[in-house]
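Participant:
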Amino acid sequence: EAGVAQSPRYKIIEKRQSVAFWCNPISGHATLYWYQQILGQGPKLLIQFQNNGVVDDSQLPKDRFSAERLKGVDSTLKIQPAKLEDSAVYLCASSLGLSSYTEAFFGQGTRLTVV
Amino acid sequence: AQSVTQLDSQVPVFEEAPVELRCNYSSSVSVYLFWYVQYPNQGLQLLLKYLSGSTLVKGINGFEAEFNKSQTSFHLRKPSVHISDTAEYFCAVSGGATNKLIFGTGTLLAVQP
Chain Z
160 EAGVAQSPRY KIIEKRQSVA FWCNPISGHA TLYWYQQILG QGPKLLIQFQ
210 NNGVVDDSQL PKDRFSAERL KGVDSTLKIQ PAKLEDSAVY LCASSLGLSS
260 YTEAFFGQGT RLTVV
Chain C
9 AQSVTQLDSQ VPVFEEAPVE LRCNYSSSVS VYLFWYVQYP NQGLQLLLKY
59 LSGSTLVKGI NGFEAEFNKS QTSFHLRKPS VHISDTAEYF CAVSGGATNK
109 LIFGTGTLLA VQP
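Pasting the structure below:
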């Protein structure tokens with residue numbers, strides 16, 4: 160079974176530039192998550208989708224971050240404009256559904272460096 | 009609201025020694041508890057989970073954890089560690105209607121020869 164795919168693996172941009180990350184979840188998984196993991200910290204949930212609808216985006220900085228999940232499958236996360244403090248690993252995860260006992264599977268992440 | 013506390017940011021231990029990584033949680037609803045491991049430059053991999061039933065949960069790579077509701081803890085243990093266990097370990101909690109997975113700050117397990 161293929162896992163969660165993310166691209167790119169690494170990205171370096173200058174502050175004020177824009178950047179986009181892509182995630183392809185495991186086939187059949189209705190729930191998709193984007194996490195931000197700053198060095199030395201645990202992953203922080205940015206946004207959670209159920210199919211193509213948003214379940215939780217309470218910690219998404221909406222003035223600069225946006226995310227979409229078209230057709231309830233792939234998802235993109237965009238930052239525009241980027242700030243130095245956005246340097247982090249962005250992890251995508253997926254799970255079968257909203258039930259709390261459904262395991263979340265994680266991709267390898269995209270490491271963003273803003274200079 | 010739910011939260012997770014991992015008190016130890018780093019735990020050094022010698023190879024073949026036992027280890028315990030501590031995790032405490034708070035929640036106003038019934039919870040599900042997880043331990044994830046993250047190797048360098050890798051994503052998160054599930055070690056084990058507590059959903060219900062027996063409070064002692066066994067996971068992969070010889071790890072186990074015990075759910076203690078009265079102490080709101082879910083400590084991770086391994087009787088004998090290997091060099092290959094060196095990694096970051098995250099405790100996580102979910103519960104409620106949205107399956108929001110909340111992580112602790114992580115504990116770096118550093119196994120020394």
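Residue numbers (the numbering used here), protein chains in the order written: chain Z, 160 to 274; chain C, 9 to 121.
From the three backbone atoms N, C-alpha and C, an ideal C-beta is built for every residue, glycine too.
Predicted model, so just to flag it, every value in this text is computed and none were measured.
1) Any Cβ of chain Z within less than 9 angstroms of the Cβ of T113(C)?
2) Within 10 angstroms of its Cβ, does I206(Z) collect 16 or more other Cβ (buried), or is it exposed?
3) Using a 10 Å radius around the Cβ and a threshold of 16 neighbouring Cβ atoms, would you call G51(C) buried or exposed?
4) According to DSSP, is G231(Z) part of a helix, a strand, or is it coil?
5) Taking only beta-carbon atoms, is K174(Z) less than 9 angstroms away from chain C?
6) Put N49(C) into one of helix, strand or coil per three-state DSSP.
7) Less than 9 angstroms between the C-beta atoms of Q209(Z) and S225(Z), yes or no?
8) In the structure shown, what three-state DSSP assignment does I68(C) receive?
9) Looking at the structure shown, is L243(Z) part of a helix, part of a strand, or coil, going by DSSP?
10) From the beta carbon of F208(Z), is the nearest beta carbon of chain C less than 9 angstroms away?
11) Is the Cβ-Cβ distance between V14(C) and G103(C) less than 9 angstroms?
12) Given a cut-off of 9 angstroms, decide if L84(C) and C99(C) are closer than it, judged by their beta-carbon atoms.
13) So, helix, strand or coil for I185(Z), using DSSP?
14) Report yes or no: is there a C-beta of chain Z within less than 9 angstroms of the C-beta of Y44(C)?
15) What number of angstroms, rounded off, separates the C-alpha of V45(C) from the C-alpha of F265(Z)?
16) Of all the residues that make up the region 252 to 271 of chain Z, which are near chain C by a beta-carbon distance shorter than 9 angstroms?
17) Can you tell me whether DSSP reads D215(Z) as helix, strand or coil?
18) Report yes if the CB atom of Q165(Z) is closer than 9 angstroms to the CB atom of T269(Z), and no otherwise.
19) I'd like to know whether the C-beta of Q195(Z) is nearer than 9 angstroms to at least one C-beta of chain C.
20) For the 8 angstroms Cβ check, are there 3 or more pairs between the region 245 to 254 of chain Z and the region 188 to 198 of chain Z?
21) Contact criterion: CB-CB distance below 9 angstroms. Does D245(Z) meet it with respect to chain C?
22) Here's the rule: buried if 16 or more other CB atoms are within 10 angstroms of the residue's CB, otherwise exposed. What is D93(C)?
23) Determine the extent of the beta strand (DSSP E) in which L32(C) is found, giving its start and end residues.
Facilitator: Answer, in terms of the structure:
1) Yes, T113(C) lies at the interface with chain Z (some Cβ there is under 9 angstroms from its Cβ).
2) Label assigned to I206(Z): buried.
3) Sixteen is the threshold: when 16 or more other Cβ atoms of the shown chains lie within 10 Å of the Cβ of G51(C), as they do, the residue is buried.
4) In the structure shown, the three-state DSSP call for G231(Z) is helix.
5) So no, K174(Z) is outside the interface.
6) Here N49(C) sits in coil by DSSP.
7) Inclusion of Q209(Z) and S225(Z) in the CB contact set at 9 angstroms is not warranted, their separation being larger than that value.
8) In the three-state scheme derived from DSSP, where H, G and I count as helix and E and B as strand, I68(C) is classed as helix.
9) Correct three-state label for L243(Z): helix.
10) Chain C places no beta carbon closer than 9 angstroms to that of F208(Z), leaving this residue out of the contacts.
11) According to the sequence shown, residue 14(C) is Gln rather than Val. Not a contact, by the Cβ cut-off of 9 angstroms.
12) Their beta carbons are under 9 angstroms apart, which means C99(C) touches L84(C) by this criterion.
13) Three-state result, I185(Z): coil.
14) Answer yes: the Cβ-Cβ gap between Y44(C) and chain Z drops below 9 angstroms somewhere.
15) Cα to Cα, V45(C) sits roughly 11 angstroms from F265(Z).
16) Answer set for the region 252 to 271 of chain Z: A252, S254, G256, L257, S258, S259, Y260, T261, E262, A263, F264, F265, G266, Q267, G268, R270.
17) Per DSSP, reduced to three states, the secondary structure at D215(Z) is strand.
18) A contact, by the Cβ cut-off of 9 angstroms.
19) Output row for Q195(Z): interface = no.
20) Verdict: yes, contact present.
21) Not one chain C Cβ lies under 9 angstroms of D245(Z).
22) Around the beta carbon of D93(C), 16 or more other beta carbons lie within 10 angstroms, which makes this residue buried.
23) A small correction: the amino acid at residue 32(C) is Asn; Leu does not occupy that position in the sequence shown. Unbroken beta strand (DSSP E) run through N32(C): 32 to 34.
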